[in-house]
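Going line by line, the protein sequences match chains A and B. If you read the first sequence in this note's numbering, its first letter stands for residue 3, the second for the next number, and so on. If you read the second sequence in this note's numbering, its first letter stands for residue 3, the second for the next number, and so on. Note that beta-carbon positions come from the ideal geometry of N, C-alpha and C, so glycine has one too. Keep in mind it's a predicted model, so treat the numbers as computed, not measured. One structure is given here, and the rest of the page talks about it.
Protein chains: 2
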Amino acid sequence: MYGITYLTAIILGVALCFGAPTKKTNACGYDACNLGDPSKLNVHIVAHTHDDVGWLKTVDQYFYGARNNIQHAGVQYILDSVIHALDQNPDRRFIYVEIGFFWRWWSQQTDAVRNKVKDFVNSGRLEFISGGWCMNDEASTHYNSIIDQHSLGAEFLRDQFGECGRPKIGWQIDPFGHSREQASLSAQMGFDGLFFGRADYEDYQTRNRTKTMEMVWKGSANLGDKSWLFTGVLPNGYGPPDSFCYDMFCGDPPIMDDTRLHDYNVPERVQTFIRAAQNEAVGFATNHIIMTMGSDFQYENANEWFKNMDKLIRYVNAQQANGSNVNVFYSTPSCYLYALNQAKRAWTSKSDDFFPYAHHPHGFWTGYFSSRAALKRFERHSNNILQVTRQLNAFANTNLRNSIFYLSEAMGVAQHHDAVSGTEKQEVAFDYALRLSQGLSSGNLVINQAYSRLLPKAGQPPPSVPQLLCHLTNISECLTVQDQTRFTVTLWNPTIHPVLHHFRVPVTRAYTVRDPSGQPILSELIPVSDQTKKIPGRTSTANNDLIFRASLPALGFNTYYFEAKTEEEPAKAQVKITHNEECLLQNQNVRVEIDAQGNLGHIINLKKSLAVEFHNQGFYWYQSFPGNNSRSEFQASGAYIFRPVSADPQPVSTTRTITCIKAENVQSARIVFNDWASQEIILYDEAEYAEVEWTVGPIPINDNIGKEIILRYDTDVNSGNKFYTDANGREVLERTRDYRPTWNYTVVETVAGNYYPVNSRIWIKDQGRQFTILTDRSEGGSSIHNGSVELMLHRRMLYDDALGVGEALNEAAFGQGLVVRGRHVLFLESPAASAAYHRIGAQRMYMHPVATYALIPQSYPSYSASYRLTWSALTDTLPMNVHLLTLDQLGPKEFLVRVEHYFELNEDDTFSHPVTFNLQSIFTSLGSIKSMQEMTLAANLALSDLNRLKWVTGNEEMLDRHVSKDTNANDTNITLNPMEIRTFRVELA
Amino acid sequence: MYGITYLTAIILGVALCFGAPTKKTNACGYDACNLGDPSKLNVHIVAHTHDDVGWLKTVDQYFYGARNNIQHAGVQYILDSVIHALDQNPDRRFIYVEIGFFWRWWSQQTDAVRNKVKDFVNSGRLEFISGGWCMNDEASTHYNSIIDQHSLGAEFLRDQFGECGRPKIGWQIDPFGHSREQASLSAQMGFDGLFFGRADYEDYQTRNRTKTMEMVWKGSANLGDKSWLFTGVLPNGYGPPDSFCYDMFCGDPPIMDDTRLHDYNVPERVQTFIRAAQNEAVGFATNHIIMTMGSDFQYENANEWFKNMDKLIRYVNAQQANGSNVNVFYSTPSCYLYALNQAKRAWTSKSDDFFPYAHHPHGFWTGYFSSRAALKRFERHSNNILQVTRQLNAFANTNLRNSIFYLSEAMGVAQHHDAVSGTEKQEVAFDYALRLSQGLSSGNLVINQAYSRLLPKAGQPPPSVPQLLCHLTNISECLTVQDQTRFTVTLWNPTIHPVLHHFRVPVTRAYTVRDPSGQPILSELIPVSDQTKKIPGRTSTANNDLIFRASLPALGFNTYYFEAKTEEEPAKAQVKITHNEECLLQNQNVRVEIDAQGNLGHIINLKKSLAVEFHNQGFYWYQSFPGNNSRSEFQASGAYIFRPVSADPQPVSTTRTITCIKAENVQSARIVFNDWASQEIILYDEAEYAEVEWTVGPIPINDNIGKEIILRYDTDVNSGNKFYTDANGREVLERTRDYRPTWNYTVVETVAGNYYPVNSRIWIKDQGRQFTILTDRSEGGSSIHNGSVELMLHRRMLYDDALGVGEALNEAAFGQGLVVRGRHVLFLESPAASAAYHRIGAQRMYMHPVATYALIPQSYPSYSASYRLTWSALTDTLPMNVHLLTLDQLGPKEFLVRVEHYFELNEDDTFSHPVTFNLQSIFTSLGSIKSMQEMTLAANLALSDLNRLKWVTGNEEMLDRHVSKDTNANDTNITLNPMEIRTFRVELA
């Protein structure tokens with residue numbers, strides 16, 4: 003060893019002497035910050051661009067600057083031009099945020115440019131902020147995908163730039179409301195702070211008046227100070243002060259400083275700037291203020307900004323000689339944050355969230371919680387496939403991460419705050435869907451590769467036919483198999499616990515279905531409903547769904563073998579169907595009572611002897627406010643805004659028809675409200691919940707009235723003014739109608755102002771009962787009356803809400819309004835018992851078993867001789883409160899794994915406790931863990947290297963206890979506290 | 003010698019070995035050109051920006067990018083960004099044109115940037131094209147100022163960049179019609195070619211069809227091939243082919259070449275480009291074509307253009323491997339020109355001009371010949387002052403060229419094709435006027451300095467009071483002197499010949515006026531007319547113009563001493579005034595007959611016994627076409643376009659009043675047509691011409707009808723369909739009504755299509771008589787009927803003509819429509835004798851004696867004891883056909899001088915011959931000529947170094963005979979041929 007080190011030193015020494023590039027000392031990070039002059043008002047100029055990863059144009063149109071007739075924006079040029087501008091003056095700094103764009107740009111750059119950029123990053127002149135693939139929405143995104151999209155960006159930055167490229171600040175300047183979970187995740191990703199631009203107008207006024215624009219946000223009710231995050235509301239949205247926009251699209255006066263020319267304006271500009279700085283300082287707590295110099299897609303010609311800011315800084319600071327106290331300089335959000343941190347003062351704290359966001363009394367941004375309901379589901383579905391693809395890739399050791407990237411990238415893009423949020427133009431929504439679809443195709447290839455390794459028994463060749471995904475089984479369409487005489491359905495269970503599942507296959511004939519043991523099992527043909535058959539775009543001729551019971555192993559698969567029956571199908575007779583009669587659905591656990599008029603009467607938890615009475619359940623519509631947006635009173639309801647004309651929604655019909663279907667696997671009531679609204683209340687055998695499959699659309703607008711459709715459950719639960727909604731699928735926040743925890747709330751919009759994002763669940767409760775609804779996608783929801791819960795399912799409007807998208811949200815497909823179908827899962831339990839059901843239930847909804855179909859040529863005996871019909875990665879039983887959040891193969895022997903305790907503190911007697919298990923269990927099938935390193939949540943830093951800034955709140959010091967956990971490779975047992983996620987890089991032997 | 007050379011070699015050798023900067027070989031000029039591939043269609047990509055030196059915004063607003071709400075344009079950023087883009091790829095080339103902007107930018111650059119720019123210039127990557135201070139208008143500009151503005155730019159380029167910075171190409175891409183004189187001057191400036199973008203739509207079609215888009219233009223009827231200029235009409239205006247605009251303001255698709263992203267478009271873009279190139283080639287004669295990639299104020303973000311063009315070039319040329327014959331590369335107009343030159347083919351020639359320009363059958367750009375008549379005069383007046391300032395600076399050896407620069411600069415800016423042309427917005431017109439006014443103030447300071455040296459007699463101190471200009475004496479206002487008891491008027495005669503001049507001083511009292519000999523001279527008080535008194539903005543209380551006769555020495559001054567009379571003024575009684583009676587004006591030479599109704603009847607040349615009868619003379623108005631411009635039929639008359647509703651203009655009134663005034667110095671008839679139109683026909687004692695001082699405005703528009711006012715002279719001259727107009731104040735072209743010399747003309751607009759620019763003169767003639775009108779500014783003029791001449795004086799309209807200016811030409815001042823006053827000088831002579839009168843007369847109009855006023859404290863004896871009262875720079879009498887065009891002091895002993903033969907061939911028996919004189923004559927007062935070097939017209943190259951490209955026309959070879967003339971300093975005698983201008987740098991001993 004000694005000899006080698008010595009030799010290396012000599013070689014390096016020689017190289018240095020002869021002028022090879024000397025190793026530069028990096029000067030990124032807080033040490034590179036200008037902290038201003040303590041005796042002055044320090045103005046931190048933050049040059050930035052806000053680049054939507056799709057909105058009015060697609061992400062690639064934005065990247066290239068195509069279709070500028072729609073919106074002028076070209077990110078490739080922004081990055082080109084910023085790099086040049088930084089090169090012109092070493093004082094200049096810039097931040098960049100959206101790695102989805104940066105990646106596109108980076109891959110086209112020469113080494114010379116890349117090295118220049120690296121120099122800028124290493125010297126703190128170019129700083130990546132937030133550094134996700136996009137700036138994700140906070141209302142309609144799921145935590146799994148928020149973490150993924152941040153990790154995707156973080157990984158790129160770490161690989162290309164090392165530690166100087168690691169983002170240290172959350173930067174959610176544009177999203178329309180802010181979730182507590184985002185803050186918590188950001189803290190866990192190692193961020194030292196968060197800034198955003200949009201806060202409710204009353205909240206903003208209050209904070210500005212009380213100098214509490216900046217605070218410590220307690221991001222989790224479970225995780226303590228490792229979830230706390232210093233948070234600042236920006237002074238001016240995310241734009242510059244009035245008249246100081248120097249972008250090529252701004253009309254503000256440049257600094258005209260040649261006295262020989264006309265219109266010399268230096269004195270006026272300097273005085274106006276000094277006034278602007280002093281005015282801004284009034285609302286903030288310290289002698290440091292931030293000015294966000296930039297906006298949407300700005301800096302396409304960075305020189306215009308920087309040239310004028312250079313002058314402005316020079317001339318403003320020159321006034322210090324005349325007594326001005328304003329000291330202005332280029333800075334970054336992290337340097338501004340660091341200056342605040344160094345102020346060593348105590349800050350107020352906040353424990354709730356920033357939903358909903360209103361920019362004026364009639365402008366509640368609660369419509370987008372539900373906008374583009376189909377896209378919102380497709381995104382959630384795609385995540386399901388993505389996680390399954392990663393798991394299969396890992397367990398099959400196919401090491402095809404590069405192929406999975408296309409789906410990861412599409413999902414990263416889809417998290418954008420104008421993507422899954424539903425606030426993009428229709429054409430762009432189509433593009434997001436296309437990307438996901440292409441990503442899924444790419445994922446399918448990986449799945450196929452993986453199964454070609456996992457399926458064959460030892461010594462057998464890989465299958466000759468592919469494993470194909472069917473994405474339209476929710477409308478009873480899987481063209482791949484519908485007419486086939488023989489096929490397999492392989493179901494992958496991505497959870498680490500066994501699941502029981504009733505699975506449907508849309509078919510045109512009857513089949514014998516064999517379970518993995520080869521036994522024919524009960525399969526029933528349930529007729530496809532008329533509502534399904536008339537869904538536009540459905541091309542399937544399947545008349546029935548074949549339903550069968552699947553009991554799947556943990557983290558593994560079962561294959562079911564289908565062979566068409568030759569005789570007349572015998573099962574159908576066993577299905578009993580009645581029309582417009584009372585319909586009682588009942589299994590071992592639940593009874594659902596529906597009257598002959600189609601009204602849901604009761605749901606009864608038989609084992610607990612709990613009942614909830616529904617004095618109304620069904621579809622209602624709000625009339626969208628048809629404003630011209632010329633004044634706040636004329637605010638229209640639109641893609642962003644929910645503003646009903648009246649607080650009383652109308653029922654979509656006064657009568658209903660009901661069809662009652664009873665089979666052994668399932669019982670259901672199909673209740674048709676009208677041409678465009680129906681629900682099927684479903685109770686599977688052994689299920690502890692009832693499902694409501696709702697179908698809405700095409701929403702009629704031939705009366706020129708926009709309509710926003712809710713499904714409302716009016717119960718006898720005495721819930722008062724309280725209800726509960728989750729944040730990004732994780733922790734649940736208590737909501738109080740017509741109330742805000744931190745300011746004196748003026749009630750104007752009694753419906754829209756009470757809407758909150760429902761990512762996965764909403765509940766109401768009273769002393770003995772909790773009525774919980776799980777959703778299969780993000781929806782807006784509320785409880786507008788005692789005992790009532792409503793979820794907004796689908797929206798169709800005729801007016802734009804004048805917030806930029808420039809289109810009414812009026813989705814159509816196949817020449818008519820869009821039809822959307824989805825599911826609610828209803829639990830009636832005691833409050834104390836509910837968590838176990840909704841936690842496990844929600845996990846199974848987003849990590850659903852994934853079916854692949856193969857048109858196998860073999861007979862069953864032949865197939866079963868060659869291929870495994872069941873397989874599990876696990877040999878141990880893992881604790882029920884542990885979730886495998888991420889399993890991603892990084893290299894032949896390297897894996898990224900995230901495991902999660904998915905219960906909150908005190909919500910379940912059994913599960914709300916720390917849990918310890920052996921991580922090796924997950925890798926049993928792959929090998930033994932050689933080493934494991936715990937990482938930050940975004941997996942871009944060893945947790946032991948994390949050292950977050952410390953902040954003081956009113957009473958208590960915030961200590962960062964993010965100390966390294968024991969990552970001794972010899973001990974793979976790890977402990978998870980409630981709601982804890984732990985991230986590891988694992989190397990196998 | 004040997005030793006020194008050897009030593010140098012050694013030093014160089016050492017320097018090279020040790021890495022000192024090596025001297026670069028300049029690779030600018032034709033040698034740096036890519037001449038393409040002879041077997042291919044070679045596409046010369048010319049990256050360019052067209053930067054109006056004022057139009058919708060002022061020149062400085064354009065420079066800085068201020069007021070982008072009016073028009074987005076910022077030239078500082080264009081130059082910043084182009085320099086960077088050139089730095090990115092050595093293949094890229096760019097041309098820059100308007101030195102008025104470049105100078106503004108250059109003066110703000112660091113040495114590092116300047117050196118980089120110099121490298122680009124020296125390597126041919128940045129080429130200055132045209133290189134005037136602006137891209138001058140060709141219709142309303144005077145040759146004196148065209149030469150000056152080109153010289154101003156050329157001097158800057160020569161000083162900063164040397165020979166590589168010398169423009170070799172005229173580039174008049176935007177001016178609205180092209181004058182032959184511009185071509186001639188360009189040739190004399192040493193240009194090898196000229197390109198422009200706008201040709202009459204029929205002309206263009208014809209040329210495109212016959213592949214004669216490019217030709218040899220014979221720029222002068224007098225100068226032979228040194229005035230010939232290869233000229234090309236550009237293929238697409240000056241813009242890129244359809245869908246290939248990559249400027250940040252274009253919506254065309256970028257090259258999207260990342261196959262991983264959506265919307266990959268390389269194959270489609272390449273094929274579309276190849277088609278565009280092949281289509282363009284159809285209209286051109288060789289296998290070289292030019293594509294002008296740029297437009298107005300483009301390249302503000304040059305990267306967007308170049309990045310996409312780099313890709314386009316790469317991908318298009320890659321198709322050569324698949325058989326494509328298109329070869330595309332970055333080039334410049336001069337390289338394109340050189341490629342054409344190397345084709346060694348014969349070209350057609352052209353001897354007329356490109357006026358008027360129409361872009362469609364109703365779109366004749368003949369309105370701007372008259373638009374903004376007041377600005378057009380102010381510009382001409384300012385030139386008069388500029389030339390006098392230069393002369394005084396030179397003769398007083400004050401060496402204040404840097405101060406004169408402000409006026410030179412303002413004049414350079416004013417030549418722009420949206421400045422003196424009158425096609426700018428009103429606010430911009432005000433700025434041009436302000437610049438001229440500030441320039442004049444600066445000039446006045448120089449004049450004052452000069453006179454403070456020239457006036458004192460030997461040993462006397464400089465005067466204690468300044469010499470002040472009065473610019474408003476045309477409305478009888480000179481506030482400086484009007485109430486004073488004592489002052490001097492010093493008159494500088496800028497011509498090299500003595501002149502007799504009747505001079506007016508607006509006064510409130512009577513004065514004794516002494517001539518330079520001390521003798522009181524006849525001075526008469528002529529009452530200021532009511533029309534003058536009511537001119538808005540006139541603040542003078544002067545009731546009279548004091549008129550006196552001044553006989554001024556050549557190139558020198560006289561001072562007239564004014565002392566207020568104390569007694570009741572006696573002169574007034576001598577002035578006879580009648581009202582509405584016949585008025586016969588008669589002096590020694592001319593008789594003008596006006597009847598009691600105010601109708602001009604005859605003008606009679608008494609000495610030649612020639613008479614012309616007027617069957618009508620007076621003001622008429624055309625109704626401006628009030629179109630919405632939605633189609634060519636709805637083309638409105640506007641700042642650019644003249645389009646009368648009817649071809650028959652209406653008289654402004656049916657009756658007139660006439661006041662006849664007779665004094666000894668002057669006789670005149672004041673004929674009032676109506677509230678807003680009047681003329682004074684004036685005959686000075688001894689004059690050989692009659693003057694018409696016209697006053698028009700405020701043109702009424704309360705009837706919502708735009709009006710274009712002409713002064714029409716309907717005579718009995720049997721002129722048929724021919725009339726004659728000058729080009730830029732120099733050579734005269736014959737015009738034929740409803741006819742174009744080079745194409746089959748479709749007559750649609752019978753009036754507007756026959757309008758031509760009249761810079762200084764227009765005439766009609768028959769066998770024995772020539773009726774010539776000289777103008778004091780540029781006006782549009784024509785002869786619409788046999789014997790008729792009309793000049794458009796003033797225009798006021800309610801509609802924009804949709805060519806960009808976005809305003810109706812509706813000039814107002816002091817809350818009402820603008821009043822404009824001007825002069826026509828009328829000669830009636832035989833055709834053979836006319837030239838002498840109009841040549842000399844026109845010269846005296848634009849090089850008018852300039853009066854300065856001084857409020858001297860001294861009595862006449864005291865003043866005359868201390869100060870010279872008369873002075874001439876000349877001791878010799880110089881030939882009548884020689885004009886001193888430029889006298890500019892470059893340094894203490896260095897001068898730039900231009901002398902000119904200002905008669906054409908064969909127009910005067912006496913003067914149309916070569917003339918020889920001694921240049922030393924002009925410098926007699928300053929010293930003896932030590933050396934003189936003849937220069938090109940723009941004075942940026944020794945004529946002996948000029949080597950223009952040779953072209954072949956149909957029959958004859960074009961030889962450049964621009965060989966060095968004898969500039970032996972020992973022989974200062976020089977010969978001028980008709981219409982020849984010669985330019986010398988002179989060094990005095």
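- Using a Cβ-Cβ cut-off of 7 Å, A68 of chain A is close to P255, P256, M258, D265 of chain B, given in chain order.
- Assignment of I292 of chain A by DSSP, reduced to helix, strand and coil, places it in the strand class.
- Shown in chain order are the members of the stretch 59–86 of chain A whose Cβ falls below 9 Å from a Cβ of chain B: T60, V61, D62, Q63, F65, Y66, G67, A68, R69, N70, N71, I72, H74, G76, Q78, Y79, D82, S83, H86.
- Taken in chain order, the unbroken stretches of alpha helix (DSSP H) that lie wholly in the stretch 343–431 of chain B and span 4 residues or more are 375–397, 403–416.
- By alpha-carbon distance to Q652 of chain B, the top candidate from B:V668, B:G620, B:A641, B:S670 is B:G620.
- Within the stretch 289–312 of chain B, contact with chain A at the beta-carbon level (separation under 8 Å) is assigned to E302, N303, N305, E306, K309.
- A431 of chain B sits close to L377 of chain B, with the two beta carbons spaced by under 7 Å.
- Here L776 of chain B is bridged, per DSSP, to B:R763, B:V827.
- From the beta-carbon of Q110 of chain B, the residues of chain A found nearer than 9 Å are D259, D260.
- Nearest in C-alpha terms to W765 of chain A, of all of A:Y839, A:W745, A:T744, is A:Y839.
- Sixteen is the threshold: when 16 or more other Cβ atoms of the shown chains lie within 10 Å of the Cβ of R516 of chain A, as they do, the residue is buried.
- For chain A, the residues of the stretch 239–250 of chain B that bring a beta carbon within less than 7 Å of one of its beta carbons are M250, in chain order.
- In the three-state DSSP reduction, R116 of chain B falls in the helix class (H, G or I).
- Secondary structure note for H787 of chain A: it is in no beta strand (DSSP E), with a DSSP letter that is neither H nor E.
- Counting only unbroken stretches of 3 or more residues, the beta strand (DSSP E) elements lying wholly within the stretch 539–625 of chain B are 546–554, 558–566, 578–581, 585–588, 592–596, 602–607, 612–625, in sequence order.
- Of all residues in the stretch 432–458 of chain A, the ones placed with a Cβ closer than 7 Å to any Cβ belonging to chain B are D433, in chain order.
- About 20 Å separates the beta carbons of F505 of chain B and L456 of chain B, which is beyond the 8 Å limit, so they are not a contact pair.
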